[in-house]
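Enquirer:
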Amino acid sequence: MSTASPVPVDPEVTHDTGDPVGEVLVDWYAGAARDLPWREPGTDAWAVLVSEVMLQQTPVARVEPVWRAWLARWPAPADLAAATPAEVIRAWGKLGYPRRALRLREAAVAVTERHGGVVPAEVDELEALPGIGTYTARAVACFGYGRRQPVVDTNVRRVVARLVHGRAEAAPARTSDLVDIAALAPADDARAVRFSVAVMELGALVCVAGNPRCGACPVRDRCRWRLAGYPAHDGPPRRVQRFAGTDRQVRGRLLDVLRAAHEPVQPDALVAAWDDALQRSRCLDSLLVDGLVVQTDDGRFSLPD
DNA sequence: AATGCGTGGAC
DNA sequence: TGTCCAAGCAT
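Going by this note's numbering, the letters in the first sequence line up with residues 2 to 306, in that order.
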């Protein structure tokens, strides 16, 4: 799992001007940013929160249409709070990790009950919401409310690992990540907010995991990884999670059947989803525990209404 | 703290 | 084809 060789540096692209890294990245972002719907002016904190939850471990292209439909249907937290779990699980579609859909609904309930239907702007209040952790809380405060906040996701950790620490890959998330990135942020608050999204964008478009495009990087001339000659990752290789044949696949298949059915289904109807009875049963149990599935009095299964 | 949790595009 | 990867969180 070695990192592919970076693209050779294009000598025509910008040189180190001596400007602080944070300022350079904000200026780069102005010309390089993708035109994503949740970045449009006027996007409120609820819409930002929904986008951030959907984007957890999920590619942008898959999120866009679901995000639009979701906000058209539930434009405010109170709207989603009034929906049933079955409705949100179906609306989640095939984004993956459907427990996120349940937690997003639970977060909407909490916002409605505890915060008068207004998404809180404080990081500690955001972190107290279901499904909202270290990253998402800061992303909502920063991108939804314009607060200066260190925002660290997998892209940012990879950029800091290379640019600052000279390592090929990011270490697991640490609280020191927040300090590292805060040290690079511009002094001006509005630019600090754009800096947070700019670093993520650099990691998503240029300083990518597999085949970094260093020739297009605005800060390559001060990248410690590049200056050190692109040393290979020296830690233990990261294991990619298997999918085929796992409970995750089986759960997905079972939920697929139940999303399509608009009446509770007999246990027999789930055999088509997965033929191994033991694994099917185990996965059904875990879906029941998670609240993604319920069983009727007569033994049939459905999404939770 | 290591693990489980979906899905599908790219190469 | 199989492998890698994509804006994490909860336990």
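A virtual CB, placed ideally from N, CA and C, is assigned to each residue, including glycine. The structure displayed is predicted, hence computed values, not measured ones.
Kindly indicate which three-state DSSP category Glu-123 falls into: helix, strand or coil?
Expert: Three-state DSSP puts Glu-123 in coil, outside helix and strand.
Enquirer: Based on DSSP bridge pairs, tell me the residues matched to Val-266.
Expert: In DSSP, Val-266 forms a bridge with Phe-302.
Enquirer: Leaving out five residues on either side along the sequence, give the residues of the same chain with a beta carbon under 8 Å from the beta carbon of Val-258.
Expert: The residues are Val-266, Ala-270, Leu-271, Ala-273 and Ala-274.
Enquirer: Would you grab the beta carbon distance between Trp-68 and Trp-29 for me? Rounded to a whole angstrom, and I think it's under 8 Å.
Expert: With a Cβ gap of about 26 Å, Trp-68 and Trp-29 do not count as contacting.
Enquirer: If I'm right that Trp-75 touches Ala-87 with Cβ under 8 Å, what's the distance once you round it to whole angstroms?
Expert: Rounded, the Cβ-Cβ distance is 14 Å, inconsistent with contact.
Enquirer: Between Arg-239, Ala-122 and Thr-59, which has its C-alpha nearest Pro-173's C-alpha?
Expert: Closest option to Pro-173, Cα to Cα, is Arg-239.
Enquirer: Among Ala-92, Met-201 and Thr-44, which one has its Cα closest to the Cα of Pro-66?
Expert: Checked all of Ala-92, Met-201 and Thr-44; the closest Cα to Pro-66 is Ala-92.
Enquirer: Touch check for the segment 275-289 and the segment 48-62: three-plus C-beta pairs under 8 Å?
Expert: Contact between the segment 275-289 and the segment 48-62 is absent, because fewer than three Cβ pairs lie under 8 Å.
Enquirer: What number of angstroms, rounded off, separates the C-alpha of Thr-135 from the C-alpha of Ala-70?
Expert: Those two C-alpha atoms are separated by around 27 Å.
Enquirer: With the cut-off set at 8 Å, would you say Pro-232 and Val-27 are in Cβ contact?
Expert: Not closer than 8 Å, so no.
Enquirer: With a CB to CB cut of under 6 Å and the five nearest residues on each side skipped, what residues in its chain are close to Arg-168?
Expert: So the qualifying residues of the chain are Ala-162.
Enquirer: Please look up how many angstroms separate the CB atoms of Leu-130 and Ala-108, rounded, as I've assumed it's under 8 Å.
Expert: Correct: roughly 4 Å between the Cβ atoms.
Enquirer: Between Ala-210, Ile-182, Ser-177 and Val-294, which has its C-alpha nearest Val-198's C-alpha?
Expert: The shortest C-alpha separation from Val-198 is found at Ile-182.
Enquirer: Report yes if the C-beta distance between Pro-213 and Val-25 is below 8 Å; otherwise report no.
Expert: Going by C-beta atoms, Pro-213 is not nearer than 8 Å to Val-25.
Enquirer: To test your reading of the DSSP string, which unbroken alpha helix (DSSP H) runs of 4 or more residues are found completely within the segment 98-180?
Expert: The segment 98-180 contains these whole alpha helix (DSSP H) runs: 100-115, 124-128, 135-140 and 155-164.
Enquirer: Return the Cβ separation of Val-120 and Val-152 in integer angstroms, given the expectation that the two are a contact with Cβ distance under 8 Å.
Expert: 16 Å between Cβ atoms; not a contact.
Enquirer: Here's a check: name, in chain order, each residue in its chain whose Cβ is nearer than 7 Å to the Cβ of Pro-78, leaving out the five neighbours to either side.
Expert: Within the same chain, Pro-78 has close Cβ partners Trp-47, Ala-109, Val-112, Thr-113, Gly-118 and Val-120.
Enquirer: I think Arg-252 touches Leu-288, with their Cβ atoms under 8 Å apart; what is that distance to the nearest whole Å?
Expert: About 6 Å; that satisfies the 8 Å criterion.
Enquirer: Starting from Gln-250 and walking both ways along the alpha helix (DSSP H), at which residues does that stretch end?
Expert: Counting along the chain, the alpha helix (DSSP H) containing Gln-250 begins and ends at 248-261.
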